[in-house]
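Mapped onto this note's numbering, the consecutive letters of the sequence shown carry residue numbers 14 to 697.
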Amino acid sequence: VSTDIAPMAEEALAPGRGAEEPSRWRMVGLSMLMLFVELALIRWTAANNVHLATITNFVLLASFLGIGLGFLLAQRPVDLFRLAPLSLIALIGFVLVFPVRLVALHGSHEFVGLSGRNPLSQVVSLPVIFLLVVLVMAGIGQATARVFAQFTPLDAYRLDIAGSIAGIVLFSVLSLAGLPPIAWGSVVAALFVALGAVRRWWQWPVIAAVVVVLLFESLSAVDVWSPYYKITTGHVTTTVLGDRYHGLAVWGNNIPYQTIYSLHTLHRIESFYFFPYRHVAQASLSNVLVIGAGTGNDVGVALSEGARHVDAVEIDPQLVQLGKEYNPEHAYQSPRVSLHVADGRAFLQDTGNQYPLILYALPDSLTALTGQSAPVGLENYLLTVQAVQEARQHLAPGGTFVMYNYYQPFLLDRYATTLDQVFGSRPCVEVGNVLAGRRQAVLTEALHGTTPHCSTFWTGKTKAPVPDDRPFPYLPVPSIPNFYLLVVGLILAASLGLVRGAAGPLRKMAGYFDLFLMGAAFLLLESKNIVQFALLFGTTWYVNSLVFAGVLLSVYAAVETARHVRLPRPRLLYLALLVTLAISFAVAPSSLLGLPVVLRFLAATALAFGPIYFANLVFAQRFKDTSSSTTAFGANLLGAIVGGVLEYLSLITGFRFLLVVVGVLYGLAFFLGRRWLRAAPEAR
């Protein structure tokens, strides 16, 4: 966010115009608040409204638009910053009063609202959330712009980056610690007070209400917060053939996730857990790998079936803790179990072990990567053809690979086709009992030859496996779903109207179309880096935070270069940018997977952040000589939002092709800005 926004306030307010000595700490504090609130809203809204579960860049783009509008309105007399707490409590109240929860996997009553009532329609709830986020972030953006303009551009830029990094670090620490929203709200309230948003008597009850409401939400006895979900638990009773079975249900972000049962209950109502062991000799179970171990059901079954050791891999530490506390089989306390809180694909990449049995145990994360428009969940890179090939390489001689998921015809065919392609034979298919209107399909594949003791092999239609570059197994065909098209239409319409209202007639932006294209290209470039690092190092919150910090550090490096080095003419900077883009495109991320982790990190960093570095040099040179910063900023803002929309192309083309789009956008920016390029002097 700060990469595109910070330089744009250069002329919003003249430096020192009637102002006291600018406060560096205030600049850092406002930038920290801006990014902290953005990240908190992305996580918190998705935890309470399931429609946001796979489109987290909905809130990201609303934040971006709000900050941009705040910069555009920096010279207006109205103080939006003092209204920001009011907008925030309105947003919190709306989301809590009108939540959207998933309670069934099929049927006409899949979603419910508060206390089981019918929820608000998507066409009502999503626009309201979008506009309220815009209002919150516009207030913070306006305050940041007013302080920014009191510094020289490069000094302000450095402080903005420092504050943004501080915001990322602080929110990441709170998330990794599993602290609830009251911790996030307390930080936001304290920063609002310290930075002067609360001065009049009526503002104190408003900021207090933010803390109190989040406190009540955080005190819920059935909710805990992990780095990925709001995890809710509740006792459930299932009746089968007149017998009642009790378990502890687990929801992630208000979506049914799993249920903790005893072994006896699993035998009766979820017998598919035991299907894999029909095809494996007990004597061979020296070591079992369970990926997606969750609360321990699969691990307990493996131990009961004779496994002498189990490597249990689960990405979410809170799910592991629930398993330790509530699983009646106490599987995680067994000395035969080694727990690994890690990303499953990353574990496969880094382990040197081989296993007689590898089990993909329903690794359905329900959570998309922060900031992504395309639905890249925590498990998507486990379900690609390359991931299954990697799992095959870790099978011991005579080993067996098993995966199961909710039975849907196209998913069954896709996963079966993947196994057929990787192992060279049709997998064994076994279907479990009906659960919530669906069945579990268990796919088993022997390393060599036909799966033993199997009576039903897959005979369905071939369905193309998904590759690492387009890891969307839940899309039946490469396409952009209608729901996403509706969402991007709303975003573009809102952005167009609000930017026009703040910046004036859009025809004024005709001279800055190259800046429009730069904004679109940069957001695509940042999004590509998020998914690239997810593939190389795992889809953990820690990795995601490192990518955001890496982007800002690349910007910081560009600023320091501009301060201390005489830059060449823009043509050469564009050439360097396009060369780094070409190198990043030529080197497929998957080609780095075989490198040691340190070399992999260094190579990935160079490939990802080299283009960002040169993109910021190009942008800084272009913007410094614009005659109207407001008009130029509006053009770049619209471009950045369009870039977020263009990311949905990856659902059809894959992520690597986004680099081609980025290159085309920067190439067009070079062509359309050639008049400026001819006139631009060498920069200091």
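Even for Gly, the Cβ is constructed at its ideal location relative to N, Cα and C. Remember, predicted model here, so these are calculated numbers, not experimental data.
The beta carbon of G676 is closer than 7 angstroms to those of L591 and L594 in its chain, skipping five residues each way along the sequence.
Taking every protein chain shown into account, the CB of W471 has 16 or more other CB atoms within 10 angstroms, so this residue is buried. Looking at the backbone, the Cα of H407 and that of D173 are separated by about 46 angstroms. The criterion of a C-beta distance shorter than 9 angstroms is satisfied by P624 and S597.
For secondary structure counted as the alpha helix (DSSP H) over 4 or more consecutive residues, the region 222-253 holds no complete run.
Taking C-beta atoms as the reference points, P410 and L488 fail to come closer than 9 angstroms. R579 carries a coil assignment under DSSP once its states are collapsed to helix, strand and coil. With contacts defined as CB atoms closer than 9 angstroms, H322 and V301 qualify as a contacting pair.
Sequence-distant partners of W217 (beyond 5 residues in either direction) whose C-beta falls short of 7 angstroms from its own C-beta, in its chain, are V211.
Sorting V253, L228, I220 and I654 by C-alpha distance to the C-alpha of L509 places I654 at the top. Contact between L549 and L586 does not hold, since their C-beta atoms are separated by about 28 angstroms, which reaches or exceeds 8 angstroms.
DSSP places R349 outside any beta strand (DSSP E), giving it a letter other than H or E. Bounds of the alpha helix (DSSP H) holding G532 are F526 to F550.
Ranked by Cα distance from G129, the first of L115, F535, V556 and A374 is L115.
In its chain, beyond the 5 residues on either side, L316 have a beta carbon closer than 7 angstroms to the beta carbon of S347. Put simply, of P440, Q295 and I80 the residue whose alpha carbon is nearest the alpha carbon of A151 is I80. Remark: fewer than three beta-carbon pairs, one from each stretch, lie closer than 8 angstroms, so the region 35-50 and the region 231-246 are not flagged as touching. Under a 10 Å Cβ-count criterion, V219 is classified as buried, with 16 or more other Cβ atoms of the shown protein chains found around its own Cβ. Leaving aside the five residues that flank L133 on each side, the residues in its chain whose CB is nearer than 6 angstroms to its CB run, in chain order, F111. The shortest CA-to-CA distance from F94 to any of K243, P140, A66 and V147 is the one to V147. One thing to note: T464 has its Cβ within 9 angstroms of the Cβ of H292. Note that the C-beta distance between P486 and R427 is below 9 angstroms. Around the beta carbon of T469, fewer than 16 other beta carbons sit within 10 angstroms, so the residue counts as exposed. Shown here, A262 sits in a strand according to DSSP, grouped into three states. Cβ contact annotation for E338 (same chain, cutoff 6 angstroms, sequence separation greater than five): none. Assignment of beta-bridge partners to C441 by DSSP yields T457 and F470. Here DSSP, grouped into helix, strand and coil, assigns A571 to helix. Judged by beta-carbon spacing, I244 lies within the 9 angstroms limit of D329, meaning their Cβ atoms are closer than that value.
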